[in-house]
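Everything below concerns the one structure shown next.
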Amino acid sequence: MSRTRFWRSLDELAGDEELLAALHREFPENAAELLDPVSRRRFLELMGASLALAGATACVRQPAERIVPYVRQPEELVPGKPLYYASAAPRFGAAHGILVESHMGRPTKIEGNPLHPASLGATDAVVQAEILSLYDPDRAQVVLRGGRITTWEAFLATFAALISEQERRGGAGFRLLTPAVTSPTLARQLQLLQQRLPEARFHAFDAAGRDNLRRGALRAFGEYVDTCYRLDRADVIVALDADFLTAMPGSVRYARDFADRRRVRAGQLEMNRLYAFECTPSPTGAMADHRWSVRPSGIEAVARAIGSRLGLAGGAPALPEGIGEAWIDALAEDLRARPGRSLLIAGDAQPPAVHALAHAINAQLGNAGETVVYIDPVAAAPVDQLASLTDLVAAMGAGQVGALGILGCNPVFDAPADLDFTAALASVPVRFHLGLYRDETAEHCHWHVPEAHLLEAWGDLRAWDGTAAVIQPLIEPLYDGHSVHELLAALLGQPERDGYDIVRATWQEAWEAGGLASAGSASADAAPAGAPVAGRTTGAPGVGAAAGPGNDFEAFWKRSIHDGVIPGSEAIPRDAALRADWDLDPGGLPEEGSPAEVAAGRDPGGAAAGSEPAAGQAGGAESAAGQAEGAAVEVLFRPDPTIHDGRHANNGWLQELPKPLTLLTWSNAALLAPATAERLGLANEQHVSIEVAGRSVVAPVWILPGQPDGAVTLHFGYGRRRTGRVGTGTGFDAYPLRTTAGFWDAPGLVRRAGGRTRLATTQHHHSMEGRDLVRVGTLEELRATGGIDVPGGHGHPPGPAESLHPPWSYEGYSWAMQIDLNVCIGCNGCMTACQAENNVPVVGEEQVRAGREMHWLRVDRYWADRLDNPETFFQPLPCMHCENAPCEVVCPVAATVHGDEGLNEMIYNRCVGTRYCANNCPYKVRRFNFLAYADAEGGGVRQLGRNPDVTVRSRGVMEKCTYCVQRINEARITAKNEWRPIRDGEVVPACAQACPTRAISFGDINDPDSEVSRLRAEPLHYGILTELGTRPRTNYLARLRNPNPAIAGDPAGAAVARAADSVEADADAAIARDTDPADTAVAPALADSRGLP
Amino acid sequence: MAAPGPTHDGSRDREPPVIEGDYTFASVTDKISAIVLAGRSPRFWYVGFAVGFVLLQALLVSICYLLLRGVGIWGINSPVGWGFAIINFVWWIGIGHAGTLISAILLLLRQDWRTSINRFAEAMTLFAVACAGLFPLLHMGRPWFAYWMLPYPNTYGVWPQFRSPLVWDVFAVTTYATVSALFWFVGLIPDLATLRDRAERRFARFAYGILAMGWRGSAIHWHRYETAYLLMAGLATPLVVSVHTIVSFDFAMAIIPGWHTTIFPPYFVAGAIYAGFAMVLTLAIPVRRVYGLQDFITERHLRNMAKVMLATGLIVGYGYLMEYFVGWYGGGEYEMYMLNNRLTGPYATHYGLLLLLNIAIPQLLWSTRVRGSELALFLIAMCINVGMWLERFIIVVTSLHRDFLPSSWGMYAGTGWDWATLLGSIGLFLTLMFVFVRLLPMISIFEMRTLVAEEAKPAGGRQP
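The listed protein sequences correspond, in order, to chains A and B.
Residue 134 in the working numbering sits at position 146 of the first sequence, and the numbers go up by one each step.
Residue 914 in the working numbering sits at position 51 of the second sequence, and the numbers go up by one each step.
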């Protein structure tokens, strides 16, 4: 570029009217000067010079990029416009309907499918996080043979030979191990394989499986049935250690139905009532109107006590300590008063007896068919999984297994320790593994085939209520992944069939046979011998065909894929008749004991002889001995709330997601009651050795108020020895303590062990310190007074209203958010949704410990009242978008400013990182990139999954919730194109969209008819810290409780608005590490608090 | 401080004189300029310079690593967004107050005892401000955009946010640094000319000659010098008050309990003077001993400075007290929690130490004997240096770590890099100080000559 040419072109342009206009727009200050003929010359001189300089600075050569245009533009693809595809993701083994957002062929976000019954548009955190697993660079990428890279073709060739060899022997010695099969296509394929190899055996095992549910059904009804709950119909719910809100198949739907019955609005002052008996605190217990901590051994006694008061035979054993007879009387009365409108739910970890009791009580109350719906098992060929796995291990040990395929599970890591699966596995001559990761099991197999992620391959799944959905791929497998269907097709000798054909064939068959509801379930016949088979009526009515549109399969199929739900595939409610001998005859199940034995404290395996589970009330003298000898406790094994049985261990979002209640990240811990910790002289993070049946593990302690005294909860799934870079080595492995006998709980010993592990929690302080942050009242109070009486609460002036300046009037839109604390269950689903939508980076355990987690939206958890059974409150906290935002005035470079629609906007490019805004934010919602977090997440494949509508922030930049401004703008563009204003409900932030309970509403408060405007008129409406004059736009609806007036003296039943109890300070002293960087002396603090009400 | 002028009538002859020994104009000049012009320095200088220089390298390494990785290498986190960097900034800026105060305000108040320490104190101010100036830059997430704080015309058409106290800071600190530097330099000119005239080596003559800006000592020069110096003093005086007032606005304008308080400006200014005098003493006591300047920096100076420290220390103590009173009187729930938390919370030890070092120990200064003891003064000054750093730590950290929402409460502790940067800045300060002592007259030669003349007049016993 020569200089002369440069000037010449400028001269040419100088005469151009357009340029002048442009300059006028660009430099309004100089505009007048421009009109002056004399100074215009000078201006052009200056311009020339500055353009020359600009040219000089613009000499950086941009890297060459090739753009490959579409030769044929795909029909629906508009660059920049995402497309949404319906699919399904497995959750607790059942389908969760999802919509996947895809940008130019890259899936970037998972949302709930509003048409799917398990979702209704919502998701939980785990389903949201599947998108990160898709782009996980640590996923298995190649087919391995003996640890060496080989090809899929090599695998096919080897296994074609193996199968034909097996075929000659009828398949004897051929075994497959899968999780519970809820995919109709997989069930059909297994059935075909069974036909080809009649002697082959297929086993199922899930580390967090529902054996107890199945055994309970067998005991109560003599057959396998699945139980679905209709929480929308239930007025009174009793949860027997059942976390139905977050940890059951269908829990997202349950949460929605539950919340819909708690949405108290002016003129509609009705709420359901929830009683929870819990072995370890869960979101369900936190939502309960009455909650009691019970050791696992006490749950059955509670169930029997309720049953006997409702007229069930069997007598009432003594109640566990801490539970008054009168309370159970009142509870039973409450249930009896609502026949057909009440509900008992038994948790998956509860023994079959409790399940049977729940069935019997529900039947007694007339709930069966009303609030409890029985359906045929959703899983094909339901088996007793523990028995199935035990059979397999026995066969392996006996050398009867010639070839074993482990498809999509990880038994080397998660099988019960007493089976010693790994040792038995070594004796199998041919072992192959299909899995997302080259995990512990892959290490012990000859062949490892990388499994295609659910967004990469075709498949299908049934939901908890039987509704089937097709899983459709959004992207070609990123690595050399193959679905389980493709692998089975290969075993069936049809390696050329692709997933689409296989899945479609299943449904074509079912459609033609008119049995959509039962497709893939008939393979129950293929269950291993000896396992009871559900008495399925073979001639199930062909609703599918009736629901199908005419006889056109193609139309039906297209619609099924489009909607994400196969119409007419949901299970048909059926009757389940209680066996006469449901309680007396234990049905020959191995772990049964007489009720008396059970109440006295189960010791199912007869292991750990001499240990006395009920050491709860040990006195001072005993405690000294306890420290030396270790305290006898009940050890509970539960799946981890975020990484489940370990399968999500390599997912950074889930690792960093605070677990509800403990708010721990990146690790599990031995959860101890404050009283237990006090007795053992333990503080948070100190090591304990936990011994069960001669095996022991060392774990850091986490003191959890609400945990029953004498019970230690261990979440399994951590301590992965082999997964990816994210998950390997985090936490400790609890599986070595888990046995077939003590699968969910077992008696054990806890003793102090030296050492300490630093744990990463996102909240160190748990008391509200008497500040009215979460306002709580009772329904009675609201009915009586029309508001809730909180000191400084409703009716309190919302802050200094006087200002010298007139209020800013918003033309057009004025956005605001409303969060209903009465239905927020604290599941943290919104946090992961926000993380996915807004490219929020994962910072790692060390940075979380340093207090630098980046979540734009957090869910605060507060405890109040008693330490042994506290009130638990959740409060989601996004940016408040204050009208008078303290952050805005202090930013020296105006990087955070107020938008003309009321948003507090953050301009990343302008931010220099003084962090003054974060300091001055009273809500502490601002997040700072202390280090290059986004870069540390890795470029490459991870980059594909980022939301292209949201900037990825660099190091040294402040960020925070934007109210998903990109979604607002998208809605604005759509609305403008259609010449209309944005409709109410058209803008849905990611958090609101994911929320299972629809606790979050968003909209325009300039529109008096919008949902947020209406909610702002509710009597429960309030804002937090309004006395500071910040005028937050994110507001809350107060929390309500609906306690049973007949239950007095129960902590949960007392008036609960007093958050200022001095007890809390003690609780904090005991629990919070921040009071003392060194070990907090728990014991004195706890001792102080014990005498208080 | 209303210390009277030099003794005229013997009524205050218990005050030691501001200059001792029998000095003539020539001997004063010889003594002071010899420190600079003599070829060798005492071993103390080499040792001190080496320590400073080593620490300076720690600073450079810390800064390099900081720029490479980001401020995450420090201990700051989500509730406590400001840490050592801001603490150090306020600490250094506070130390940087004594020089200008001694030079300008005491000049205007005609306190002639200031003469022998003002040069030294001004240099200290300048170097302290240089150290202070580093920290706001380093503490930024993206320091390479620091210039965005300045109101310069740019293509975005964006100005700084003038409502932000940090922008005020930029103006206040840069103005203060500029005026202090000018004031110091103007005051140096006659002495630089003296050095030029006495230097034997060519390079020294040349360098001092350039810096002396053609000073010939003519009456017109002196007249203009006096006018300019007085004007500069007048200009610098309000700055002494304004700089720390504005620095205190960084906190007072925020809404955080413990920051949002109107007492901060006077309390910060008093604290700054307190810290500044402590630092002057910390440096002056060893230097005076090593270079044998007891005749110029006399016991009188030390006593006076001790009195200033005592007075400002009491103002600071009053500030602490009033924080509690206002917190209690205002009845603000968050304010009260913050104050209780300071006393009993996790940083109670820090706060206790602060009260001990800043309030309790300095009360020893009431004693004449303590004021007369070099060692005691040095130790007390050291206590105050540490105490004032702790004060800033308490203000920054305890206010931030537990503010409004208990859910986001956290803890703060400096990391190794935090400490390296703090020690490194001390290294920078020491290095500059030792270079100054080596290259420039640390006591104003010509002003001392004036003092010799003035001392000679009334007493009559001394020879001019």
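Each residue gets a CB set at the ideal place from its N, CA and C atoms; glycine is no exception.
Note that the coordinates shown come from a computational prediction; the quantities given were computed from them, not determined experimentally.
Quick check: the Cα distance between Pro1209(B) and Thr1261(B), rounded to an integer number of angstroms?
9 Å
Nearest to Pro63(A) by CA position, among Leu181(A), Arg1004(A) and Met92(A), is which residue?
Looking at the sequence itself, residue 63(A) is Glu, so the reference to Pro does not match. It is Met92(A).
Taking 7 Å as the cut-off, is the beta-carbon of Ala658(A) closer than that to any non-hydrogen atom of the ligand GDP?
You won't find the ligand GDP in this model; it holds no ligand whatsoever.
Classify Ile691(A) as buried or exposed, calling it buried when 16 or more other Cβ atoms lie within 10 Å of its own Cβ.
buried
Below 8 Å between beta carbons: does that hold for Trp654(A) and Thr718(A)?
yes
Based on the DSSP secondary-structure assignment, which residues constitute the bridge partners of Arg94(A)?
His91(A)
Whole-number beta carbon distance between Met819(A) and Thr1022(A), since they are thought to touch under 8 Å
Their Cβ separation, rounded to whole angstroms, is 15 Å, which puts Thr1022(A) and Met819(A) out of contact at 8 Å.
The segment 1176 to 1195 of chain B in contact with the segment 1121 to 1136 of chain B per 3-pair CB rule at 8 Å
yes
Can you tell me whether Leu442(A) is buried or exposed, with buried defined as 16 or more other CB within 10 angstroms of its CB?
buried
With 16 other CB atoms within 10 Å as the buried threshold, where does Met1076(B) fall?
exposed
Under 7 Å by beta carbon: chain B residues contacting Cys879(A)
Gln1024 and Ser1027
Roughly how far, in whole angstroms, is the beta-carbon of Leu770(A) from the beta-carbon of Gly393(A), given that I think they are within contact range, below 8 Å?
Actually they are not in contact, since the Cβ atoms of Leu770(A) and Gly393(A) sit about 59 Å apart, beyond 8 Å.
Just how far apart, CA to CA, sit Tyr72(A) and Glu542(A)?
21 Å
Less than 8 Å between the CB atoms is what I'm expecting for Leu228(A) and Arg249(A), so what's the real figure, rounded?
Rounded, the Cβ-Cβ distance is 19 Å, inconsistent with contact.
For the segment 206 to 277 of chain A, which segments carrying the beta strand (DSSP E) assignment without a break, of at least 3 residues, lie completely within its bounds, in sequence order?
214 to 217, 224 to 228 and 261 to 266
Answer yes or no: do Ile1148(B) and Glu1237(B) have a C-beta to C-beta separation smaller than 8 Å?
yes
Could you check the C-alpha separation between Pro465(A) and Gly197(A) for me, to the nearest Å?
29 Å
Own chain partners of Glu958(A) with C-beta closer than 8 Å, once the 5 adjacent residues on each side are dropped:
Asp937
List the residues of chain A that Trp945(B) touches, going by C-beta distances under 7 Å, in chain order.
Arg903 and Asn907
Assuming Met1012(B) contacts Val1030(B) (C-beta within less than 8 Å), just tell me the rounded distance between them.
6 Å
Short-range partners of chain B found in the segment 804 to 828 of chain A, where Cβ spacing is below 8 Å:
none
Please state whether the Cβ-Cβ distance between Gly100(A) and Ser90(A) is less than 8 Å.
no
Could you work out which residues of chain B lie near Tyr850(A), taking near to mean beta carbons separated by less than 9 Å?
Pro1269 and Ser1270
Kindly say whether Lys647(A), judged by its beta-carbon, lies nearer than 8 Å to any beta-carbon of chain B.
no
Quick one: give me the first and last residue of the alpha helix (DSSP H) that Tyr1024(A) is part of.
Counting along the chain, Tyr1024(A) falls outside any alpha helix (DSSP H), though it belongs to the beta strand (DSSP E) covering Thr1022 to Leu1025.
Is it a yes or a no for the segment 1117 to 1127 of chain B touching the segment 1083 to 1103 of chain B, going by three-plus beta-carbon pairs under 8 Å?
no
8 Å contact criterion, which Ala687(A) and Val676(A) should meet: CB distance rounded:
6 Å
Does the structure place the segment 960 to 969 of chain A close enough to the segment 926 to 944 of chain A that three or more beta carbon pairs sit under 8 Å?
no
Quick one, which of Arg763(A), Arg955(A), Val1000(A) and Glu947(A) has its alpha-carbon nearest Asp972(A)'s?
Val1000(A)
Please return the same chain residues whose Cβ sits closer than 8 Å to the Cβ of Phe1241(B), not counting the five positions on each side in sequence.
Leu1144, Thr1145, Ile1148 and Pro1149
Sheet register partners of Pro688(A) (DSSP bridge):
His675(A)
Proximal residues to Gly303(A) (C-beta, below 7 Å), its chain only, five neighbours per side dropped:
Ser296
Simplified DSSP assignment, three categories, for Phe918(A)
coil
8 Å contact criterion, which Arg1265(B) and Asn1204(B) should meet: CB distance rounded:
5 Å
Inspect the beta-carbon positions of Val360(A) and Leu331(A) and report whether they are closer than 8 Å.
yes
Report the rounded CA-to-CA distance for Gln177(A) versus Ala368(A), giving the unit in angstroms.
11 Å
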